[in-house]
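Student: Each position in the sequence shown, counted from 1, maps to that position plus 7 in our numbering.
All residues carry an ideal CB built from backbone N, CA and C; glycine is no exception.
Just passing along the structure, written as structure tokens.
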Amino acid sequence: MSNLTLSSEELENLTGYKMPSCQVRWLKERHWRFELSRANRPRVAREYYLMKMGVTKSYDAPNEPNWGALAAG
8 MSNLTLSSEE LENLTGYKMP SCQVRWLKER HWRFELSRAN RPRVAREYYL
58 MKMGVTKSYD APNEPNWGAL AAG
């Protein structure tokens, strides 16, 4: 499996269900975006999962102002 999508175990932990059809129902009831695999198993993007769970990406903010932006203006 790819790190881009949740694993079967992670989906089971998220939804509380082992059966893909129950996982799909859980996801639909909560308005989660997902795609179905050829085997009709739900696939949830890891980035989407993190966003729904309230995890935000942090970034390194520069310690100094961008003085060049002032000179250009």
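1) Determine the direct distance from the alpha carbon of Gly75 to that of Arg40, and round the result to whole angstroms.
2) Starting from Glu71, trace the alpha helix (DSSP H) in both directions and tell me its first and last residue.
3) DSSP has Arg48 in a bridge; who is on the other side?
4) Going by DSSP, which residues form a beta bridge with Thr12?
5) Would you tell me roughly how many angstroms separate the C-alpha atoms of Glu19 and Gln30, rounded to the nearest one?
Tutor: A quick look at the data gives this:
1) One-based indexing of the sequence shown puts residue 40 at position 33. One-based indexing of the sequence shown puts residue 75 at position 68. Linking Arg40 to Gly75 through their CA atoms gives a straight-line distance of about 42 Å.
2) Residue mapping note: residue 71 aligns to position 64 of the sequence shown, counting from 1. From DSSP, Glu71 is part of no alpha helix (DSSP H); its letter is neither H nor E.
3) For the purposes of this step, residue 48 is identified with residue 41 of the sequence shown, where counting begins at 1. Residue pairing for Arg48: DSSP places it in no beta bridge.
4) The residue you call residue 12 lines up with position 5 of the sequence shown. Its beta-bridge partners are Ala52.
5) Residue numbering aside, residue 19 sits at position 12 when the sequence shown is read from its first letter. Residue numbering aside, residue 30 sits at position 23 when the sequence shown is read from its first letter. Taking the straight line joining both Cα atoms gives about 7 Å.
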